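I have placed the structure first, in the form of structure tokens, so that the comments after it can refer back to it.
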Amino acid sequence: MADQAKIPVVVNGAAGKMGREVVKAVSQAEDMELVGAVDRNPNVVGEDVGIIAGCGELEVPLLNDLQSVLVLATQQEIQGVMVDFTHPNSVYENVRSAIAYGVRPVIGTTGLTDDQLKDLTEFAEKASTGALVVPNFSIGMVLLQQAALQAAQYFENVEIIELHHNQKADAPSGTAIKTAQMLAELGKTYNPPQVEEKEHLAGARGSVSEENINIHSVRLPGLLAHQEVLFGAPGQLYTLRHDTSDRASFMPGVLLAVRKVTELRTLIYGLEKIL
Ligand code: NAD
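Residues in the sequence shown are numbered consecutively from 14, following my numbering.
See below:
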């Protein structure tokens with residue numbers, strides 16, 4: 014593929030666990046060019062991002078100023094894409110900056126609130142810029158959610174357990190929230206009360222989503238990203254479970270999102286919408 018046809022990609026949070034995988038995946042994708050890398054970790058700023066990611070020198074220095082790197086993505090023949098795996102505290106501002114520069118955001122960072130998502134959707138619409146917010150890039154998780162949607166037509170009782178490593182800042186996971194929202198779209202009321210419940214320890218029954226689905230969050234070293242959806246009915250339990258054991262599992266979804274976002278003119282939420 015000719016160089017000029019490549020999608021220019023900026024990775025934000027490039028020194029992080031996900032960011033380093035994205036750097037590797039983008040630098041190996043024939044139709045993409047890594048044009049910039051950002052991270053606010055002062056220990057790595059100025060270093061070559063390929064060395065940080067462990068895939069050999071890429072001649073792309075890690076910088077700590079997102080805006081100056083976004084400019085690099087606008088100086089190419091085709092519109093650039095920013096992949097963001099940073100922190101729930103900064104993701105909203107990062108997306109606004111990318112859209113303002115005409116760079117299409119692909120957001121893996123979780124923790125955006127409903128209000129922030131609504132605001133970003135309106136902003137992307139006004140700017141006529143595509144954006145993708147994907148709480149889980151794993152194609153296996155999309156399949157689990159689709160199976161859960163099917164099961165929910167036949168079960169009234171459902172709870173979600175999500176399990177992650179203990180460096181994860183937000184709870185419950187964006188994927189668990191999204192799964193509950195998808196089940197809510199069926200318009201059903203779940204978990205009709207059977208008894209008057211009393212928690213002797215606050216949070217014992219997990220958090221309860223708007224859809225009345227209990228979500229339980231486990232945080233332990235040794236875990237990466239896992240989710241169970243449990244459907245119960247008299248005499249039977251139907252459990253759906255997805256386990257991620259390596260961050261490489263997210264990369265086919267990330268690369269697909271980078272390609273698809275270039276065709277969009279609005280903000281889309283969820284990998285299932287582009288599969
Ligand atoms: P991490 O802590 O390993 O990496 C985050 C990196 O971002 C760090 O290097 C940090 O220095 C940098 N950073 C933080 N704030 C920044 C800012 N304002 N500007 C630039 N750099 C900044 O975390 P991680 O495990 O890579 O996860 C990052 C995010 O991605 C989390 O929100 C996590 O929940 C989410 N995540 C999403 C998926 C998915 O499929 N969507 C999968 C895994 C993780």
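Glycine included, each C-beta is placed from N, C-alpha and C at the ideal position. For clarity, every value in this text was computed on a predicted model and none was experimentally measured.
By a beta-carbon distance limit of 8 Å, GLY49 contacts VAL82. Their separation comes to about 4 Å. For SER230, the enclosing beta strand (DSSP E) stretches over residues 227 to 232.
Judged by DSSP secondary structure, GLU198 falls outside any beta strand (DSSP E); it is assigned neither H nor E. In this structure, DSSP gives ILE173 an extended state, which the three-state scheme calls strand. Contact between ASN25 and MET95 holds, since their C-beta atoms are separated by about 6 Å, short of 8 Å. Secondary structure at ALA165: helix, using DSSP grouped into helix, strand and coil. Three or more Cβ pairs closer than 8 Å define a contact, and the region 264 to 272 meets that threshold against the region 35 to 48. Shortest Cα-Cα distance from PHE136 to any of GLN159, MET154, ALA111, GLY153 involves ALA111.
Relative to VAL84, the option among HIS255, TYR114, ALA66, PHE244 whose CA is nearest is TYR114. At least one heavy atom of ligand 1 sits closer than 8 Å to the Cβ of LYS181. In this structure, ARG278 has its CB at a distance of at least 8 Å from all heavy atoms of ligand 1. Within the DSSP bridge table, the entry for HIS239 names LEU176, ASP256 as partners. In this structure, ligand 1 has no non-hydrogen atom nearer than 8 Å to the beta-carbon of SER222.
Between LEU157 and VAL242, the CB-CB gap stays under 9 Å. Taking non-hydrogen atoms of ligand 1 into account, the C-beta of ASP132 is found less than 8 Å away from none of them. Around the beta-carbon of VAL146, 16 or more other beta-carbon atoms lie within 10 Å, marking it buried. When rounded, the separation of the alpha-carbon atoms in PHE263 and ALA38 is 10 Å.
Using a C-beta cut-off of 8 Å, the region 58 to 65 makes contact with the region 73 to 82, since at least three inter-stretch Cβ pairs fall below that distance.
In its own chain, leaving out the 5 sequence neighbours on each side, no residue places its CB closer than 6 Å to the CB of LEU130. Of the heavy atoms belonging to ligand 1, at least one sits nearer than 8 Å to the Cβ of GLY26.
Here the C-alpha atom of PRO234 lies approximately 42 Å from the C-alpha atom of ALA18. Short note on ARG53: C-beta closer than 8 Å to some heavy atom of ligand 1. In the DSSP assignment, GLY49 falls within the unbroken beta strand (DSSP E) covering 45 to 51. Relative to the non-hydrogen atoms of ligand 1, the Cβ of ALA238 comes within a distance shorter than 8 Å of at least one.
Going by C-alpha positions, THR123 is about 10 Å away from TYR105. Taking every protein chain shown into account, the CB of SER40 has 16 or more other CB atoms within 10 angstroms, so this residue is buried.
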